[in-house]
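In our numbering, the protein residues as written are 511 to 648.
Where is the CB? At the ideal position from N, CA and C, for every residue including glycine.
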């Protein structure tokens, strides 16, 4: 069995986009085109750092880590991380374990995280993530 992490944007300028990631151990999220899931294109996206956060997939868990973004990463309404050189503002950690159905807010976008297992034969043979797509296409 392989872990499949699905990111579905349910609020914000990218609402309706979704990505399913099979067999990846790291999923970067941010404005940079180098990120696995990049959020870019509108003025609201300026609240998102180039490399904002990272989802790490382990055999027994999935964690999200703020990459010292300027505006922080929120999991179910609680902030993780704080600005470079800034003072902590109630955040107590830079990473948190994710559960299926958790909501992650990055800038003005809210993503719902899906975590599941798929049979190895059902995952893409190259182990790559699928391209972002509209939820209407799912």
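Worksheet item: Does the distance from the C-beta atom of residue 561 to that of residue 540 stay below 8 Å?
Response: A contact, by the Cβ cut-off of 8 Å.
Practice prompt. Round the Cβ separation of residue 574 and residue 608 to the nearest angstrom and send it over; I've been treating them as touching at under 8 Å.
Written response: Taking C-beta atoms under 8 Å as the contact rule, residue 574 and residue 608 qualify, at a distance of about 5 Å.
Worksheet item: With 16 other CB atoms within 10 Å as the buried threshold, where does residue 524 fall?
Response: Counting of Cβ neighbours within 10 angstroms places residue 524 among the buried residues, the total reaching 16 or more.
Discussion item. Which residue wins for smallest C-alpha separation from residue 604, given the options 618, 576, 625, 627?
Written reply: Closest by C-alpha distance to residue 604, out of 618, 576, 625, 627, is 576.
Fill in: Distance, residue 547 Cα to residue 529 Cα
Rounded to the nearest angstrom, the gap between the Cα atoms of residue 529 and residue 547 is 8 Å.
Fill in: DSSP-derived helix/strand/coil call for residue 567
Residue 567: strand per DSSP, three-state reduction.
Fill in: chain E contact for residue 535 (CB, 8 Å cutoff)
Absent from the structure: chain E. Only one protein chain is present.
Practice prompt. Check each candidate in 626, 511, 551 and name the one with the smallest Cα separation from residue 619.
Written response: When only C-alpha atoms are compared, the closest one is 551.
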